[in-house]
Amino acid sequence: MRLSELLFVTLREEPADAEVRSHALMARAGFIQKLAAGIYVYGPMMWRVLRRIEGIVRDEHDRAGCQEMLMPAMQPKELWVESGRWDRYVSEGILFHFKERKGSEVCLGPTHEEVVTNYVRSMVQSHKQLPVILYQIQTKFRDEIRPRFGLMRGREFIMKDAYSFDVSADAMAESYAKMREVYRNIFTRCGLRFTPVEADSGAIGGSGSEEFMVDADTGEDAIAVCRATGYAANLEKAVSRITPPAQPENELAMHLEDTPGAKTCDALVELFPELPLQRLLKTVLYKASYGDREETVAVMCRGDREINETKLLNHLGAVGIEMADENLVRSATGAEVGFAGPIGLADDVRLLADQSVVGVQGFLCGGNQTDTHYLDVYFGRDLEQPETVDFGTVQAGDLMVDSDDVIEITRGIEVGHIFQLGTKYSEAMGANFNTEAQTLEPMWMGCYGIGVSRVAASAIEQNHDENGMIWPLPIAPYAVHLVQMKAGNEAQDALAQEIHDKLEESGVDVLWDERKKVSPGAKFKDADLIGVPIRIVVGRDAGDRKVEWGLRDGEGREVRDADEAIVAAIQMVQESRR
RNA sequence: CGGGGCGUGGCGCAGUCUGGUAGCGCACCUGCUUUGGGAGCAGGGGGCCGAAGGUUCGAAUCCUUUCGCCCCGACCA
C-alpha cells in the first residue's frame, strides 16, 4: 500500500485528555478518534489491527470446533426479566436502554447470555445435539460509571463472546478446559505477556472462573501471585494466610477509654503507641441491599488489614453493598463515624468478623459512643466472637494458605474472562434437553469473553517506547514499513517498487512511504509512531540494491542486500503466523 | 452521585480578572529552495469564541440557564 494514497494524519502533540500511553499514541497516530466519552471511531489503521486480532480469535475458535454466529445488539427487556438480570443491570446503571416506538423497552446488549440461551433452547431438544459452543464478534454496550483510558474502558467496544452448552457438569468442565486452551493460544499468538488468574464471577454469575490478565503496571486490576507455587488470583478473589499477633503480656479487664477525635487507626496508634496495630480491631458498617430489603452489616477486621467487599457481597448473597453513610452509622452505633465497635450495636445490625481477628486478644475496638473506645477486650470473655469468615484483602507478603511461600501483588489488564455458569440461565429460562433416559434436564452452560479492542490497547500498553507504538508482528496493521527516502529518485523508485511488489505477492502487507516533499526525519518519526514491526529503508544505496534493515524495537539494524531483506521479511511473517 | 477544572480554526494553547469586534505554535494551501531523524523563506485559506437567554452603545470577556468533556473522590471508622 502506498502511504500517499492513505488517509494518513499524525499529530505532533498529544491530545489533552489522554492519560495512558496506549491512548495517547493511538490518538496521535490517527488510529482512533474520540466521538464522545468512551466512544471511539476506529480509523483504517486501527481497523486493520482489530481485524488481525479477530482473525486469530476466529482461527483458534474454529480450530477448537466452535461455531461463529451473530446475534442482535438490540435486546427486548422481556428476556432480561426472564433471567432476572434486568433490575440489577438497570439499578447499577450500566445498561443502555430505551423505549421503542410501541413503548416496549429495549436494551443495547452488554453481553448475550439471554439471547443465546433463548436461541439454543428452541434449537436444541436432544442430548444428541450437545455439546455445542457458539461465538460471535460484535460491538457491546456498557454505560460505564467512568469510561477512561481510551479503548481500555469504553462504553462501546468490540468483544468476542462464546457460550458452551453441555449435558452435565463434567461435560461443561471439559468445554471450559478446552476454552482455557483456546484462550492461552490466542493471547500467545497475539504476542502478549499474560497471566491467567482465578477470578470472581461477578454479575454474570456462576462458579468456576478465570481471567486472562495482560501484565502491565497501568492495569486496573490488582493480582495476587506466588512465584514459588504458580498461584495467581484476582485480588477480589485471592486468599492467603496471616499470622496472629503476640498475646498481651498480662490480661486486664475490659474498660472504656476516652479517645477524643480519634476516628482512624492512625490516630489511635498515636494515642496508644504501645499497642500494635494488629491488636486494634476496626468495625466497618455496610448497607447491604437484597432487592426487596436492606440490612445493616458490621464487619470486624484487624487494623492492619482491609476488607474485601467482593467476598463480603458474595457471602451475604446481596445484590449490592455500600459503605454505610453518616446517618446509618449514627443509628446503628449511636455514635459519630469513627467509633463503631462490636459491643452495643443496634439490635438489627448483623455482626460478622473477618478471619484476621482470629487469635487476637486484649484488643482495642470502638465504644459505640462518640470519642470512646474499649481497651483490653477478649473474645469469649467480653463478647462472643461473631461469625468469622474470610472477608480480607490479600496483601503483599502474605503466605499461601497451604505453604510458607510468599505472595506478591502485581497489576494487569483483563483481556479475557471465562466462566462456568452451570444451569443458572438454562433453569431460569427453561433451556432443557431430553436425556437418553427420556428425562428433561437443563443444559450446563459456560461463557467466555475477550475484549478485542482492549487486546489492541493492552498490546500497546505493553509494547511502546518514547517514540511510539511497537506492534507485535501477528497483530500489526502492516508487517513491513518500506521507507523510501527520496521519492522521485529513479533508482529508489525502482527498487522500492520491486520490494513492495515482491512482498505483497508473498502475502506480506507492506506500507510504502513514498510521499514526496516529506523529509526523511518526518518519515522516520511517523514510522516510529505507528510502530510497524519490520522496517526496510530504501535510500542512498538503492543503486547497489542495498537497503537498511531493522526492527521497530531497535533490534538487528544493518545494511543488507535488498533480496536478502525480502526473504528475511517473508520468513519472519510466516513464522509469526504459527 | 459529590468535589474541582475546562469548552476559542483539524490538534495544542493565549486572550476572560480590567467589555471595544480574535491571536500564537503545529497542521493545511500556493510558489521557490531543501532532502538520512519532525527543513527554510515568502505568500495564503480557515474560527457566528459549546448552546440559549440577559445586561450594555458594544460581550470570547459580565450575569443566568443549559449541554458537553476531563480529573479527583465515593469516606476501611
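Heads up: take any position in the first sequence, counting from 1, add 304, and you land on our numbering. Note that CB positions come from ideal geometry on N, CA and C, so glycine has one too.
> Going along the chain, which unbroken runs of the beta strand (DSSP E) with 3 or more residues stay wholly within the region 748-800?
Replying inline: List check, beta strand (DSSP E) in window: 748-755, 784-788.
> What is the rounded straight-line gap between the Cα of Thr-563 and the Cα of Arg-493?
Replying inline: The count along the first sequence starts at 1 and reaches residue 563 at position 259. The count along the first sequence starts at 1 and reaches residue 493 at position 189. Their Cα atoms are separated by approximately 60 Å.
>> Checking the sheet assignment: what are the DSSP bridge partners for Lys-591?
In response: Within the first sequence, the letter at position 287 stands for residue 591. Looking at the DSSP output, Lys-591 shares a beta bridge with Thr-600, Glu-626.
>> For a quick check, are the C-beta atoms of Val-529 and Asp-694 less than 8 Å apart?
In response: Within the first sequence, the letter at position 225 stands for residue 529. Within the first sequence, the letter at position 390 stands for residue 694. Their beta carbons are not under 8 Å apart, which means Val-529 does not touch Asp-694 by this criterion.
> Which whole-angstrom value describes the C-beta separation of Gly-716 and Asp-525, a residue pair presumed to lie in contact below a C-beta threshold of 8 Å?
Replying inline: Position 412 of the first sequence, counted from the start, is the residue given in the question as residue 716. Position 221 of the first sequence, counted from the start, is the residue given in the question as residue 525. Between Asp-525 and Gly-716 the Cβ distance is about 5 Å, and since that is below 8 Å, they are a contact.
> Terminal residues of the continuous alpha helix (DSSP H) containing Val-385?
Replying inline: For this step, residue 385 is matched to residue 81 along the first sequence. 381-387 is the span of the alpha helix (DSSP H), which, as asked, contains Val-385.
> First and last residue of the beta strand (DSSP E) that includes Asn-618?
Replying inline: The sequence position of residue 618 within the first sequence is 314, counting from 1. Segment 613-620 is the alpha helix (DSSP H) holding Asn-618; no beta strand (DSSP E) there.
> Considering Asp-363, what are the terminal residues of the alpha helix (DSSP H) in which it resides?
Replying inline: The residue given as residue 363 occupies position 59 in the first sequence. Start and end: 348-367.
> Among Ile-840, Phe-335, Glu-386, which residue has its Cα nearest to the Cα of Gln-801?
Replying inline: To locate residue 801, count along the first sequence from 1; it is residue 497. Closest option to Gln-801, Cα to Cα, is Ile-840.
> How big is the Cα-Cα spacing for Ile-490 and Ala-795?
Replying inline: In the first sequence, counting from the first residue as 1, residue 490 sits at position 186. In the first sequence, counting from the first residue as 1, residue 795 sits at position 491. For Ile-490 and Ala-795, the gap between their C-alpha atoms comes out near 42 Å.
> With respect to the beta strand (DSSP E) encompassing Arg-839, which residues constitute its N-terminal and C-terminal limits?
Replying inline: Walking along the first sequence from the start, residue 839 turns up at place 535. Here the beta strand (DSSP E) through Arg-839 covers 838-842.
>> Using only the alpha-carbon positions, how far apart do Pro-837 and Tyr-344 sit?
In response: By 1-based counting over the first sequence, the position of residue 837 is 533. By 1-based counting over the first sequence, the position of residue 344 is 40. Going by C-alpha positions, Pro-837 is about 25 Å away from Tyr-344.
>> Per DSSP, what are the beta-bridge partners of Ile-462 in this structure?
In response: In the first sequence, counting from the first residue as 1, residue 462 sits at position 158. For Ile-462, the beta-bridge partners assigned by DSSP are Thr-443.
> Pick from Glu-553, Leu-311, Asp-447: whose alpha carbon is nearest that of Gly-666?
Replying inline: Here residue 666 corresponds to residue number 362 of the first sequence, with the count starting at 1. For Gly-666, the closest of Glu-553, Leu-311, Asp-447 by C-alpha to C-alpha distance is Glu-553.
> How is the beta strand (DSSP E) around Ser-513 delimited, first residue to last?
Replying inline: Taking the first sequence and counting its residues from 1, one reaches residue 513 at position 209. Here the beta strand (DSSP E) through Ser-513 covers 513-519.
> In angstroms, rounded to a whole number, what distance separates the CA positions of Ile-360 and Lys-827?
Replying inline: Here residue 360 refers to the residue found at position 56 when the first sequence is read from its first residue. Here residue 827 refers to the residue found at position 523 when the first sequence is read from its first residue. Approximately 30 Å, taken between the alpha carbons.
> Is it right to say Ala-331 is buried, meaning 16 or more other beta carbons lie within 10 angstroms of its own, or is it exposed?
Replying inline: Mapped onto the first sequence, residue 331 falls at position 27. With at least 16 other beta carbons inside 10 angstroms of its own, Ala-331 counts as buried.
> With 16 other CB atoms within 10 Å as the buried threshold, where does Gln-582 fall?
Replying inline: One-based indexing of the first sequence puts residue 582 at position 278. Counting the other CB atoms within 10 Å of its CB gives Gln-582 a total of 16 or more, which places it among the buried residues.
> What is the DSSP secondary structure of Met-558, reduced to helix, strand or coil?
Replying inline: For the purposes of this step, residue 558 is identified with residue 254 of the first sequence, where counting begins at 1. In the structure shown, Met-558 sits in coil (DSSP, three-state: anything other than H, G, I, E or B).
> Where does Phe-402 sit, in a helix, a strand or coil, going by DSSP?
Replying inline: Sequence index remark: in the first sequence, residue 402 carries index 98 (1-based). Strand at Phe-402.
>> Could you compute how far the alpha carbon of Asp-391 sits from the alpha carbon of Leu-434?
In response: For the purposes of this step, residue 391 is taken as the residue at position 87 of the first sequence. For the purposes of this step, residue 434 is taken as the residue at position 130 of the first sequence. Those two C-alpha atoms are separated by around 32 Å.
> Does the Cβ of Val-588 lie closer than 7 Å to at least one heavy atom of the ligand HEM?
Replying inline: The ligand HEM is not part of the structure shown, which contains no ligands of any sort.
> What residue does the alpha helix (DSSP H) around Ala-526 start on, and which one ends it?
Replying inline: Locating residue 526 in the first sequence gives position 222, counting from the first residue. Counting along the chain, Ala-526 falls outside any alpha helix (DSSP H), though it belongs to the beta strand (DSSP E) covering 525-529.
> Tell me, which residues are paired with Arg-606 by DSSP?
Replying inline: The count along the first sequence starts at 1 and reaches residue 606 at position 302. Answer is Leu-585.
> With distances taken between CB atoms, is the gap from Glu-740 to His-431 smaller than 8 Å?
Replying inline: Numbered from its first residue, the first sequence carries residue 740 at position 436. Numbered from its first residue, the first sequence carries residue 431 at position 127. Yes, the Cβ-Cβ distance between Glu-740 and His-431 is below 8 Å.
> Using DSSP with H/G/I as helix, E/B as strand and the rest coil, what is Thr-265?
Replying inline: With the chain represented from 305 up to 882, any question about residue 265 goes unanswered, as that position is not in the structure.
> Just the Cα atoms here: how many angstroms apart are Phe-453 and Ala-481?
Replying inline: As a working note, residue 453 is residue 149 in the first sequence. As a working note, residue 481 is residue 177 in the first sequence. When rounded, the distance between both Cα atoms is 32 Å.
> Between Tyr-752 and Ala-466, is the Cβ-Cβ spacing less than 8 Å?
Replying inline: Indexing the first sequence from 1 puts residue 752 at position 448. Indexing the first sequence from 1 puts residue 466 at position 162. Taking 8 Å as the cut-off, the beta carbon of Tyr-752 is found closer than this to the beta carbon of Ala-466.
> Below 8 Å between beta carbons: does that hold for Ala-732 and Gly-388?
Replying inline: Within the first sequence, the letter at position 428 stands for residue 732. Within the first sequence, the letter at position 84 stands for residue 388. Between Ala-732 and Gly-388, the CB-CB gap stays under 8 Å.
> For Ile-803, which three-state DSSP category applies?
Replying inline: Stepping through the first sequence from its first residue, residue 803 is reached at position 499. Here Ile-803 sits in helix by DSSP.
> What residues match up with Asn-736 in a beta bridge as DSSP calls it?
Replying inline: As a first step, residue 736 must be located in the first sequence, where it is residue number 432. Bridge partners of Asn-736: Pro-746.
> Ends of the beta strand (DSSP E) at Phe-828?
Replying inline: On the first sequence, position 524 is the one that residue 828 refers to. Note, Phe-828: premise wrong, no beta strand (DSSP E); alpha helix (DSSP H) at 824-834.
>> Distance check for Pro-500 and Gly-750, CA to CA, integer angstroms please.
In response: To locate residue 750, count along the first sequence from 1; it is residue 446. To locate residue 500, count along the first sequence from 1; it is residue 196. Approximately 17 Å between the Cα atoms of the pair.
>> Helix, strand or coil, according to DSSP, for Val-573 in the structure here?
In response: Counting from one through the first sequence, the residue named residue 573 turns up at place 269. Of the three classes helix, strand and coil, the one that applies to Val-573 here is helix, per DSSP.
> Beta-carbon separation of Ile-462 and Ser-762 under 8 Å?
Replying inline: Sequence index remark: in the first sequence, residue 462 carries index 158 (1-based). Sequence index remark: in the first sequence, residue 762 carries index 458 (1-based). Not closer than 8 Å, so no.
>> Only counting the same chain, and skipping five residues up and downstream in sequence, which positions put a Cβ closer than 8 Å to that of Gly-397?
In response: One-based indexing of the first sequence puts residue 397 at position 93. Cβ-Cβ distances below 8 Å link Gly-397 to Asp-447, Ile-449 in the same chain, with the five nearest sequence neighbours on each side left out; the list follows chain order.
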